[in-house]
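K.L.:
In our numbering, the protein residues as written are 510 to 571.
#1: Tell me the rounded alpha-carbon separation between residue 539 and residue 546.
#2: Excluding sequence positions up to five away, which residues of its chain have a Cβ less than 6 Å from the Cβ of residue 537?
#3: Since residue 531 is in the alpha helix (DSSP H), which residue starts that stretch and which ends it?
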């Protein structure tokens, strides 16, 4: 593929692209924050379970 063909395909993509409206931005933010929350909750749960198991087995803990 030649450079001119690549630039032409990029130009077509830019012409089709549009900025998201405010409602789409809010939806994106909700999805992102929900993902952050779920990942944090999973990490916290795993940490708490491992702490409880290690404490029960006498293997350490604070």
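C-beta: ideal position from N, C-alpha, C; glycine also. Note that the coordinates shown come from a computational prediction; the quantities given were computed from them, not determined experimentally.
P.N.:
Inspection of the coordinates gives the following:
#1: Here residue 539 corresponds to residue number 30 of the chain shown, with the count starting at 1. Here residue 546 corresponds to residue number 37 of the chain shown, with the count starting at 1. For residue 539 and residue 546, the distance between alpha carbons rounds to 10 Å.
#2: Your numbering for residue 537 matches position 28 in the chain shown. Closer than 6 Å at Cβ, skipping near neighbours: no residue.
#3: Here residue 531 corresponds to residue number 22 of the chain shown, with the count starting at 1. Taken as a continuous stretch (DSSP letters only), the alpha helix (DSSP H) holding residue 531 covers 531-566.
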